[in-house]
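Beneath this line is the structure, given in structure tokens, with notes to follow.
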Amino acid sequence: MKTNHTSHKMKNYFLLAGLLSIFISCGTSEEKSVDEIIQSNDLSEIRAKKNELSNTLSEVSKEIAKLDEAIQELDTSNKFALVALDTIKSQLFKHYAEVQGNVATDENIIIYPEYSGILTRVTVKEGDKVTKGQTLAVIDDGGLSSQLAQLEAQARLAKTTYERQERLWNQNIGSEIQYLEAKTNYEALESSVQQLKSQIAKTVVRAPFSGVIDDVLSEQGEVVNPGQNQLFRLINLDKMYVEAEVPENYLGKVKKGTEVKVNLSSIAKEFKGEVSQVSNNINPNNRTFRIKVALPNEKGLVKPNQIATIKLNDYTSETAVVIPENIIQKNAMGESIVYVYTPKEGENTGIAKKSVVETGYIYKDSIEVKTGLNSGDILITDGAKNLRDGQEVRIKTSGGNE
């Protein structure tokens, strides 16, 4: 249904059009028309005509303004402010604090040789997936295998001698010293064999854990030495986590199991998880403590050293009163105020009541209201900026009118 205000406006428009029409028609019969004046190319006459029309339009505008003022005074429907409403319901509210972190993994290492020699064989290339214990490279043992063969032969003979002396000693034949010498000789050779085998084992470079060969850093034929030459970079992308430093004032709010959201903007992914580890130490330089959050990585998109944004759930309310933040206004005393709608019986109008509220946490575009509003209150969400306490208002329909 159109308002009386709208019909009055239409009348004003018709009045203005009529006045202009009369003015133009009069000008046509008694004076030169605008087109004729323009065609005359007389600049002074053109300017004079423009000033005459401007003055006339100004007078008409003043008359219309008087009519509008009268309409405002007489049209009672125009006194109602149009508002939009929303009924408040208690809801779950969570606040998250954001910190920056880095993606890391404990299984990201550089493999060095444990034995000096020529790298005789490299069995993997970059990008290869390997399993724990798999051979990655072989270093020339410098004749250790031949020495081992000799020692093993000596150890077998020493074992035979020791076993023979042991049988004789058990039969009370022979001397004790002969038995002990045979036993000592055999054990010493056996120990030498095991030590040599341990040395030879170091010539074979094996994967300490399952993962991916990220880089091959030495080529076949190079001479390598322990602690000097890097052979491979091995990474396990299955056990990723985000590590971040959290300000000290969150110490009582963040613990193992705290809900988190991890955003990796570089791959446009967000993961839900929880804090898996909280450091017991406060860094004295920046007053922070360190946390870890495990990350799933089924598709291998997560990489070490990626930048991550961690959202820590530092506050939760199960039955919070939450409203849009932009609804809240500040009065001259610095109080936060909103307007609550009280309907009139049988009418599409009501009263706007001011309510002073105490607010809590803000997250995104929502703010928690601690006091001043209750579940079930009808909140004025649109049209509240210029309201006053006790003002009559009308509910705005989808078309913008009553």
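If you read the sequence shown in this note's numbering, its first letter stands for residue 354, the second for the next number, and so on.
Positions of the beta carbon are idealized from the N, C-alpha and C atoms, including for glycine.
Query, Result
"Residue(s) in a DSSP beta bridge with residue 559", "488"
"As assigned by DSSP and simplified to three states, the class of residue 493", "coil"
"Inter-residue CB distance, residue 573 and residue 474 (contact presumed, cutoff 8 Å)", "6 Å"
"Burial state of residue 730, where buried means 16 or more other Cβ atoms lie within 10 Å", "buried"
"Neighbour-count burial assignment, residue 687, 16 or more Cβ in a 10 Å radius", "exposed"
"Per-residue burial, residue 746 [other beta carbons within 10 Å of its own, 16 or more giving buried]", "buried"
"Local Cβ density within 10 Å of residue 743, reported as buried at 16 or more and exposed below that", "exposed"
"As assigned by DSSP and simplified to three states, the class of residue 476", "coil"
"Sequence-distant residues of its chain with Cβ nearer than 7 Å to residue 498 (five each side left out)", "553"
"Straight-line gap, residue 486 to residue 494 (C-alpha atoms, nearest Å)", "19 Å"
"Exposure of residue 480, with buried meaning 16 or more beta-carbon neighbours within 10 Å", "exposed"
"Contact between the stretch 545-559 and the stretch 432-446 (3+ Cβ pairs under 8 Å)", "no"
"Per-residue burial, residue 756 [other beta carbons within 10 Å of its own, 16 or more giving buried]", "With the chain covering only 354 through 755, there is no way to say anything about residue 756."
"According to DSSP, residues forming a beta bridge with residue 416", "For residue 416, which the question treats as bridged, DSSP gives no partner whatsoever."
"Counted within 10 angstroms of its Cβ, other Cβ atoms place residue 510 as buried (16 or more) or exposed", "exposed"
"Separation of residue 415 from residue 404, as counted between CA atoms", "17 Å"
"6 Å Cβ shell around residue 576 - same chain, five flanking residues per side excluded", "471"
"Residue 709 burial status per 10 Å Cβ neighbour count (16 or more: buried)", "exposed"
"Sequence ranges, alpha helix (DSSP H) only - wholly within the stretch 592-659, length at least 4", "none"
"Own chain partners of residue 750 with C-beta closer than 7 Å, once the 5 adjacent residues on each side are dropped", "none"
"Local conformation of residue 380 per DSSP, three classes", "Residue placement at residue 380 is poorly supported in this model, since its pLDDT is 46, which falls under 50; the coordinates still yield a value, given next. Residue state, collapsed to three classes: helix."
"Beta-carbon proximity of residue 558 to residue 621, cut-off 8 Å", "no"
"Between the CA atoms of residue 541 and residue 632 - distance to the nearest angstrom", "49 Å"
"Contact between the stretch 634-651 and the stretch 673-688 (3+ Cβ pairs under 8 Å)", "no"
"Buried versus exposed, by CB contacts within 10 Å (16 or more), residue 468", "buried"
"Near the ligand HEM: residue 394 beta-carbon under 7 Å from a heavy atom", "Summarising the ligand content, the structure contains no ligands, and the ligand HEM is consequently not present."
"Element boundaries [alpha helix (DSSP H), containing residue 392]", "387-393"
"As assigned by DSSP and simplified to three states, the class of residue 673", "strand"
"Beta-carbon contacts of residue 381 that lie in its chain and below 8 Å, excluding the five residues immediately before and after", "Note that residue 381 has pLDDT 42, beneath the 50 cutoff, so the model's placement of it is unreliable and the number below is only indicative. There are no such residues."
"Beta strand (DSSP E) runs contained entirely in the stretch 533-592, provided each spans 3 or more residues", "557-559, 564-569, 585-588"
"Under the three-state DSSP convention, the category residue 685 falls into", "coil"
"Nearest candidate by alpha-carbon position, reference residue 458, set 711, 526, 649", "649"
"Residue 484, buried or exposed, once every other Cβ within 10 Å from all chains shown has been counted against 16", "exposed"
"Distance, residue 712 Cα to residue 443 Cα", "15 Å"
"Per-residue burial, residue 466 [other beta carbons within 10 Å of its own, 16 or more giving buried]", "buried"
"Buried versus exposed call for residue 393 [16 or more other C-beta atoms within 10 Å across all chains shown]", "exposed"
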